[in-house]
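Here is the structure we will look at.
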Amino acid sequence: MSAFAAETFIKDHRLLPVQVPPTVIETLDAAEKAALVARIEHLLVERGAALVAHYYTSPELQELAEATGGYVSDSLDMARFGTECKASTLVVAGVRFMGETAKILNPEKRVLMPDLHAECSLDLGCPPEEFAAFCDQHPERTVVVYANTSAAVKARSDWVVTSGIALDLVRHLAERGEKLIWAPDRHLGAYVQRETGVDMLLWSGSCVVHEAFKADGLRKLRARHPDAKVLVHPESPLDVIAQADVVGSTTALVEAARTLPAKKFIVATDNALFHKMQQVAPDKIFLEAPTAGKGATCVSCAHCPWMAMNGLRNLAQVLETGANEILIDEAIRERAVQPIRRLLKFAEQRKQTVLGNNDA
Ligand code: SF4
118 MSAFAAETFI
128 KDHRLLPVQV
138 PPTVIETLDA
148 AEKAALVARI
158 EHLLVERGAA
168 LVAHYYTSPE
178 LQELAEATGG
188 YVSDSLDMAR
198 FGTECKASTL
208 VVAGVRFMGE
218 TAKILNPEKR
228 VLMPDLHAEC
238 SLDLGCPPEE
248 FAAFCDQHPE
258 RTVVVYANTS
268 AAVKARSDWV
278 VTSGIALDLV
288 RHLAERGEKL
298 IWAPDRHLGA
308 YVQRETGVDM
318 LLWSGSCVVH
328 EAFKADGLRK
338 LRARHPDAKV
348 LVHPESPLDV
358 IAQADVVGST
368 TALVEAARTL
378 PAKKFIVATD
388 NALFHKMQQV
398 APDKIFLEAP
408 TAGKGATCVS
418 CAHCPWMAMN
428 GLRNLAQVLE
438 TGANEILIDE
448 AIRERAVQPI
458 RRLLKFAEQR
468 KQTVLGNNDA
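Residue numbering for the sequence shown follows my numbering, starting at 118 and increasing by one per position.
Spelled out as structure tokens, the structure:
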């Protein structure tokens, strides 16, 4: 299969081609898998390393992370875990911005990734120089960037945000009278703007996985399964979000799958999340929200091609060799850490407020 060139529009209407690789899932027979798992378990101990995996990685990686004292979660929680865990080496199974965030927050730790080519269309669609020039045209605006950005873009921002806390943070900034630049996801930005009414200038990037969900197909699937609840990640288009019973981050969607009384769910996010959903709700049924379909214009078919680059083979290899280390220029790191720390502090304060309200 050849690489697919999607296009990302940026604010000055230039076209920015984002090369999307084919999605290749690692295949292993049972003996090979067992041998690799045993080898990785041994190496994690020997190297004093912890495996931190995103929900969109394979079931094998998620299970291994959990079985070895590592962690599986969304990008905000992965960052939190990285700062709290004692391991001197973090192996981040996810995409590059997640490894960079771990390194930004933990400069004293060694951060390795199974594949340094595991990118993200949002990150690729927001080049630092062009973004800085855009921000310079609007110096009166507070710059809020999604976690799915490079260290250099974070370094140019005032706040880093994740989907789980975007609405709360934007409302908080608006209460202070701030107008915003939002980057890079135009769908999440449009959703936040619609929900909050805040003055936001949107960068025009997108996630190739979530952008592929189709509103018409979803309507038809809902008609065939009227008893199903619809769970949607807010990187999806607005006409897909409009059909959701729950809109939220990966963690929020897993929680909805666990707690809602429905037996059946239609889910618009990367289908690797079904593993965690099935773990927390084994008796429930999860259906993929429709995309354009394989062989049509869909470039991901509900699974991120970059997340799929993480496998047991390359994980074992980086633990063996120490290759694929994330290194960040110290001047950029020092600037990028500020908006991430602001996010973590804000998230912690929100958590305390919610806990306090629940106690009351
Ligand atoms: S699923 Fe989308 S947002 Fe997540 S890493 Fe892949 S391209 Fe980026």
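For each residue, glycine too, the CB sits at the ideal point set by N, CA and C. The model shown is predicted, which means the values in this text are computed figures rather than measured ones.
- The count of Cβ pairs closer than 8 angstroms, one atom from the region 256–263 and one from the region 283–303, reaches three, so the stretches are in contact.
- Taken through DSSP and simplified to helix, strand or coil, PHE330 comes out as coil.
- Counting C-beta pairs closer than 8 angstroms gives fewer than three between the region 319–326 and the region 355–371, which falls short of the contact rule.
- Per DSSP, THR266 lies in no beta strand (DSSP E) segment and is marked neither H nor E.
- In the pairwise beta carbon analysis, the region 355–364 is classified as not touching the region 200–207: fewer than three pairs are separated by under 8 angstroms.
- If you check the C-beta of TYR172 against ligand 1, you find no heavy atom less than 7 angstroms away.
- DSSP, read as helix, strand or coil, puts LYS203 in coil.
- Pairing ALA389 with THR174 gives a Cβ-Cβ distance under 8 angstroms.
- For ligand 1, no non-hydrogen atom lies closer than 7 angstroms to the CB of ASN427.
- Per DSSP, TYR308 is one residue of the alpha helix (DSSP H) stretching across 303–313.
- Annotated three-state conformation of ARG227 is strand, per DSSP.
- In the three-state scheme derived from DSSP, where H, G and I count as helix and E and B as strand, ILE449 is classed as helix.
- In its chain, beyond the 5 residues on either side, VAL371, ALA374, ARG375 have a beta carbon closer than 7 angstroms to the beta carbon of VAL397.
- Between the alpha carbons of ARG311 and PRO351 lies a gap of roughly 12 angstroms.
- At a Cβ-Cβ threshold of 8 angstroms, LEU178 and LEU436 do not count as neighbours.
- Rounded to whole angstroms, the gap between the alpha carbons of LYS150 and LEU429 is 8 angstroms.
- Ligand 1 has a heavy atom closer than 7 angstroms to the beta-carbon of LEU239.
- Sixteen is the threshold: when 16 or more other Cβ atoms of the shown chains lie within 10 Å of the Cβ of ALA385, as they do, the residue is buried.
- A distance below 6 angstroms between beta-carbons, with the five flanking residues on each side excluded, links ALA170 to the following residues of its chain, in chain order: LEU178, GLN179, ALA182, VAL189, ALA210.
- Within the region 145–212, the runs of beta strand (DSSP E) at least 3 residues long that lie entirely inside it are, in chain order, 166–171, 188–190, 206–210.
- A buried status is given to ARG303, since no fewer than 16 other beta-carbon atoms sit within 10 Å of its beta-carbon.
- In chain order, SER205, THR206, GLU442 place their CB closer than 7 angstroms to the CB of ARG227, counting only its own chain and leaving out the 5 sequence neighbours on each side.
- Beta-bridge annotation (DSSP): LEU348 is paired with VAL363, VAL384.
- Annotated three-state conformation of GLY216 is helix, per DSSP.
- Between ligand 1 and TRP299, a heavy atom-to-CB distance of less than 7 angstroms is absent.
- Apart from sequence neighbours up to five positions away, the residues of its chain that approach ASP275 with a beta-carbon distance below 8 angstroms are THR259, VAL260, VAL261, PRO456, ARG459, ordered along the chain.
- Inter-residue distance for SER353 and VAL325 is about 10 angstroms (C-alpha atoms, whole angstroms).
- A direct Cα-to-Cα measurement between GLN254 and PRO139 gives close to 37 angstroms.
- DSSP lists LYS381 as the beta-bridge partner residues of ILE402.
- Going by DSSP, LEU284 is part of the alpha helix (DSSP H) stretching over 283–292.
- Rounded to whole angstroms, the Cβ separation of ARG467 and ALA268 is 25 angstroms, and the two are not in contact under 8 angstroms.
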